[in-house]
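Undergrad:
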Amino acid sequence: MTQKKSKSGPEELSCFYLDWPGHPQFRYMRWYWKSDGARIGIAAPVLAKLNPSGHQAARHDLLLPSSAPGEYADLRYLLERYDATQPVIERNGYAQFNIILDADRPLHADWELVRAWALSYFVRELQLAAVLVLHAPFLAGSANEPHVHILVPARRLTANGFGLHARDTCSDAGAADALASWLAYNGVEAV
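Numbering (the working numbering), first residue to last: 10 to 200.
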């Protein structure tokens with residue numbers, strides 16, 4: 010009888026993708042763990058977005074609710090605290106929203122548009138931290154479209170650090186709500 014090999018070591022994050030055919034410029038990914046055991050945190054994959062394939066991201070920013078403690082303005086500290094305080098029963102790691110930018114517009118203009126929306130929606134309305142990362146693949150000779158990643162740790166950030174889980178954001182319904190907010194922010198009716 011052969012025995013099934015068990016995977017050793019902490020569990021890595023798994024990913025669920027959700028795209029909207031009517032809105033190909035807006036993509037959603039939910040990063041989660043499948044079990045309650047030992048796991049790798051979100052710090053490494055989030056920080057990896059800052060240097061994709063060894064190239065430095067064109068730009069990045071960390072947006073925080075106004076009530077967040079000052080030390081959380083340091084991205085590494087924020088991620089370390091998130092990983093250290095994440096209950097093992099909670100399986101959502103973070104939500105990722107990708108917005109494909111218009112190649113005919115200046116990067117800085119689209120960056121500011123995405124940043125203003127993320128600040129309004131995720132940070133002020135939902136009280137979540139948001140890490141924004143601008144990738145401009147053409148700078149490395151790639152034909153891929155420029156895009157902004159919005160990485161949202163799956164817990165609300167309060168004056169006392171990470172608190173309530175943001176399951177409403179890390180869900181299909183939460184992704185649909187974010188898309189509706191993005192479209193409304195841009196004056197576009199949902200299809």
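Glycine residues also receive a C-beta, built at the ideal position from the N, C-alpha and C atoms.
Only a predicted model underlies this, so the values are computations on that prediction, with no experimental measurement involved.
(1) What is the residue span of the alpha helix (DSSP H) that residue 162 lies within?
(2) Distance check for residue 194 and residue 179, CA to CA, integer angstroms please.
(3) Along the alpha helix (DSSP H) that carries residue 191, what are the first and last residues, could you check?
(4) In chain order, which continuous runs of the alpha helix (DSSP H) of length 4 or greater are located wholly inside the stretch 18-95?
(5) For residue 36, does the count of other Cβ atoms within 10 angstroms reach 16, so buried, or fall short, so exposed?
(6) Are residue 156 and residue 101 close, meaning C-beta to C-beta below 8 Å?
(7) Spatial neighbours of residue 71 within its chain, please: C-beta separation below 6 Å, excluding the five flanking residues on both sides.
(8) By DSSP, does residue 209 sit in helix, in strand, or in coil?
(9) Pick helix, strand or coil for residue 135, following the three-state DSSP scheme.
(10) How is the beta strand (DSSP E) around residue 104 delimited, first residue to last?
(11) Measuring CA to CA, which of 122, 57, 145, 25 is closest to residue 154?
(12) Look at the alpha carbon of residue 137 and the alpha carbon of residue 51, and state the distance between them as a whole number of angstroms.
(13) Quick one, are the C-beta atoms of residue 143 and residue 166 less than 8 Å apart?
(14) Can you grab the Cα-Cα spacing for the pair residue 76 / residue 44, in whole Å?
(15) Which residues does DSSP list as the beta-bridge partners of residue 170?
(16) In the structure shown, what three-state DSSP assignment does residue 112 receive?
(17) Contact defined as beta carbons within less than 8 Å: I believe residue 104 pairs with residue 197. What is the distance between those atoms, to the nearest angstrom?
(18) What did DSSP end up calling residue 198 once you bin it into helix, strand or coil?
TA: Looking at the coordinates:
(1) Position 153 of the sequence shown, counted from the first residue, corresponds to residue 162. Per DSSP, residue 162 belongs to no alpha helix (DSSP H); it is in the beta strand (DSSP E), 156-162.
(2) What you label residue 179 is simply residue 170 of the sequence shown in a count that begins at 1. What you label residue 194 is simply residue 185 of the sequence shown in a count that begins at 1. Approximately 20 Å, taken between the alpha carbons.
(3) Counting from 1 along the sequence shown, the entry for residue 191 is found at position 182. Per DSSP, residue 191 belongs to the alpha helix (DSSP H) from 181-194.
(4) 52-57, 84-94
(5) The residue given as residue 36 occupies position 27 in the sequence shown. The residue is buried, with at least 16 neighbouring Cβ atoms inside 10 Å.
(6) The residue you call residue 156 lines up with position 147 of the sequence shown. The residue you call residue 101 lines up with position 92 of the sequence shown. Against a cut-off of 8 Å, the Cβ pair of residue 101 and residue 156 comes out as no contact.
(7) The count along the sequence shown starts at 1 and reaches residue 71 at position 62. Only 84, 140 meet the Cβ criterion.
(8) Since the first residue shown for the chain is 10 and the last is 200, residue 209 is missing from the structure and cannot be characterised.
(9) Residue mapping note: residue 135 aligns to position 126 of the sequence shown, counting from 1. Note: residue 135 maps to coil in three-state DSSP.
(10) Here the question's residue 104 lines up with position 95 in the sequence shown. Residues 101-109.
(11) Residue mapping note: residue 154 aligns to position 145 of the sequence shown, counting from 1. Minimum Cα distance to residue 154 is reached at 145.
(12) Here residue 137 refers to the residue found at position 128 when the sequence shown is read from its first residue. Here residue 51 refers to the residue found at position 42 when the sequence shown is read from its first residue. Each residue's alpha carbon lies about 15 Å from the other.
(13) For the purposes of this step, residue 143 is taken as the residue at position 134 of the sequence shown. For the purposes of this step, residue 166 is taken as the residue at position 157 of the sequence shown. Their beta carbons are not under 8 Å apart, which means residue 143 does not touch residue 166 by this criterion.
(14) Taking the sequence shown and counting its residues from 1, the one referred to as residue 76 is at position 67. Taking the sequence shown and counting its residues from 1, the one referred to as residue 44 is at position 35. Computed Cα separation, rounded: 32 Å.
(15) Locating residue 170 in the sequence shown gives position 161, counting from the first residue. Its beta-bridge partners are 167.
(16) What you label residue 112 is simply residue 103 of the sequence shown in a count that begins at 1. Residue 112 falls in the coil class under three-state DSSP.
(17) To locate residue 104, count along the sequence shown from 1; it is residue 95. To locate residue 197, count along the sequence shown from 1; it is residue 188. Incorrect: roughly 21 Å between the Cβ atoms, too far for contact.
(18) By one-based count along the sequence shown, residue 198 stands at place 189. In the structure shown, residue 198 sits in coil (DSSP, three-state: anything other than H, G, I, E or B).
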